[in-house]
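Input: a single structure, listed below in structure tokens.
Residue numbers (this note's numbering): 32 to 120.
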């Protein structure tokens, strides 16, 4: 029997408030604004969702998600902007 991985009930979101599964963007989201991307990254980092679950739920590639994560690490939330992407690369 494998040990069960404990999932968190909530994590701290990018704005400092608690973030639950119900607070996450809807699976059918097509318009990815900075806040939504940051919420998904925070959920994965905090253990609310696994990377695989997030990619499946939002139809993302692992590379796309990791790109969001790298952008946050390197440039903060501003790194998630798509309109000024060349400034941050």
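Using N, Cα and C, we set each Cβ at its ideal position, and we do this for glycine too. Here the structure is a predicted model, which is why all the values come from computation and not from measurement.
- The continuous alpha helix (DSSP H) containing residue 84 extends over residues 82 to 89.
- DSSP, reduced to helix, strand and coil, places residue 42 within a strand of the structure shown.
- When rounded, the separation of the alpha-carbon atoms in residue 102 and residue 74 is 16 Å.
- Within the DSSP bridge table, the entry for residue 49 names 43 as partners.
- For residue 66, the uninterrupted alpha helix (DSSP H) run begins and ends at 65 to 77, by DSSP.
- Straight through space, the alpha carbons of residue 55 and residue 71 are spaced by roughly 7 Å.
- Taking 8 Å as the cut-off, the beta carbon of residue 99 is found no closer than this to the beta carbon of residue 57.
- Exposure of residue 93 is indicated by the presence of fewer than 16 other C-beta atoms within 10 angstroms of its C-beta.
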